[in-house]
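The sequence shown: position 98 = 97 (numbering that gives the first Met the number 0), numbered continuously. The C-beta atom is built at its ideal place from N, Cα and C for all residues, glycine as well. Okay, so here's the structure we're looking at.
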Amino acid sequence: MSSKTDSPPSYEDALKDPKCNNYPFLTQHGAPLPPPPSYSPSPGMCPGPGFPPPAMPIPTLSNHIPDLFLHSAVFFLVYCILICCKEPRRRFPLNLVLLGIFTVALSYMVGTVSSYYETKAVIIAMGITGVVCIAVTVFCFQTKVDFTSCGGFLCIAAVLLMIIGIVTSIVLSFQYVPWLHMLYAAIGAVVYTLFLVYNTQLLIGNRELAISPEEYIYGALSLYVDIVHIFLFILQVSGVATE
């Protein structure tokens with residue numbers, strides 16, 4: 000003798016059944032089990048039923064302003080000491096200590112700026128900057144062109160870049176034009192790539208101008224600042240392009 004079993008109710012009928020509806024319990028007491036890791040709310044998400052409020056506030060630019068000003072002041076102070084004062088720049092180990100402080104301050108500033116761009120844009124900028132540095136190094140070892148005699152040209156290019164930056168910032172303050180921002184950043188990257196070529200040839204020597212071996216801190220400082228500027232300008236280009 001076969002027994003006939005009842006078929007299970009449909010999903011809509013089950014939702015209408017008070018015995019199967021646990022939503023009031025969840026809203027009052029929270030979910031009995033935590034959500035899986037892939038669905039766990041991030042600090043920036045709005046809390047829903049069963050989820051506690053964010054444990055930490057969302058970081059904004061205002062949270063970093065005091066630290067950013069502090070590191071900027073340290074950066075400019077140490078930079079002026081290393082550039083303008085020969086004695087601290089050549090005295091060991093004071094020169095290495097100052098260079099380390101300078102590196103930490105500048106790295107914090109660059110990291111703060113990079114945190115407001117998408118990860119993809121930062122990775123692209125890092126990759127392009129690395130390729131540019133390798134290409135410049137190989138070029139400086141292979142070329143017979145002496146860029147150390149072009150200091151006056153680079154000085155004019157830096158002044159023009161500053162003027163273009165001021166004009167661009169004024170224009171963009173009234174209406175943001177993405178291609179104009181990218182054009183300015185691309186020009187800045189090219190100018191500082193030329194500075195990187197100039198400073199690299201100064202370190203290599205065998206040119207019209209060369210850096211004394213005692214000025215290794217000055218040489219490292221120049222290369223580091225050039226590379227950081229190239230990265231920041233390329234970051235602006237990649238940041239606008241990925242938006």
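Contacting residues, own chain, Cβ-Cβ under 8 Å from residue i (five flanking each side not counted)
| i | result |
| --- | --- |
| ILE127 | ILE233 and SER237 |
| SER71 | ALA104 and MET108 |
| LEU81 | PRO87, ARG88, ASN94, LEU97, LEU98, PHE101, ILE216, TYR217 and LEU220 |
| VAL170 | VAL176 and LEU179 |
| ILE210 | LEU201, LEU202, GLY204, TYR217 and GLY218 |
Residue i in three-state terms, based on DSSP
| i | result |
| --- | --- |
| GLN200 | helix |
| ARG88 | helix |
| ASN94 | helix |
| GLU213 | helix |
| GLN174 | coil |
| PRO33 | Below a pLDDT of 50, predicted positions are generally treated as unreliable, and PRO33, at 41, falls in that range; no measurement from the model is reported. |
| LEU208 | coil |
| SER114 | coil |
Own chain, CB closer than 7 Å to residue i, minus 5 neighbours either side, in chain order
| i | result |
| --- | --- |
| CYS139 | VAL196, THR199, GLN200 and ILE203 |
| GLU242 | none |
| VAL227 | LEU105 and VAL109 |
| ALA184 | PHE232, GLN235 and VAL236 |
| SER113 | VAL121 and LEU234 |
| ILE123 | SER237 |
Proximity winner among the options, relative to residue i (alpha-carbon distances)
| i | options | result |
| --- | --- | --- |
| THR111 | ILE229, VAL176, LEU67 and GLY164 | LEU67 |
| ASP225 | LEU69, GLN174, TYR215 and VAL131 | VAL131 |
| ASN205 | ASP145, ALA124, ILE64 and ARG90 | ASP145 |
| ILE186 | ILE163, CYS149, THR142 and TYR175 | ILE163 |
| PHE194 | TYR223, ILE123, VAL170 and VAL166 | TYR223 |
| ALA188 | PHE91, LEU160 and GLY151 | LEU160 |
Cβ neighbours of residue i in the same chain (closer than 6 Å, five flanking residues each side left out)
| i | result |
| --- | --- |
| VAL239 | PRO177, HIS180 and MET181 |
| PHE74 | ALA104 and LEU105 |
| GLU117 | THR241 |
| CYS45 | Because the pLDDT at CYS45 is just 39, under 50, the model does not fix this residue reliably, and the point stays unresolved. |
| MET125 | none |
| LYS119 | THR241 |
| VAL77 | LEU97, ILE100 and PHE101 |
Rounded Cβ spacing between residue i and residue j (contact assumed at less than 8 Å)
| i | j | result |
| --- | --- | --- |
| VAL135 | ALA156 | Rounded, the Cβ-Cβ distance is 16 Å, inconsistent with contact. |
| LEU208 | THR147 | 4 Å |
| THR192 | ILE229 | 6 Å |
The ligand FMN heavy atom lying under 7 Å from the CB of residue i
| i | result |
| --- | --- |
| VAL176 | This structure lacks the ligand FMN, and indeed carries no ligand of any kind. |
Q: Run through the region 136-161 for me and flag every whole alpha helix (DSSP H) of 4 or more residues, listed as ranges in chain order.
A: none
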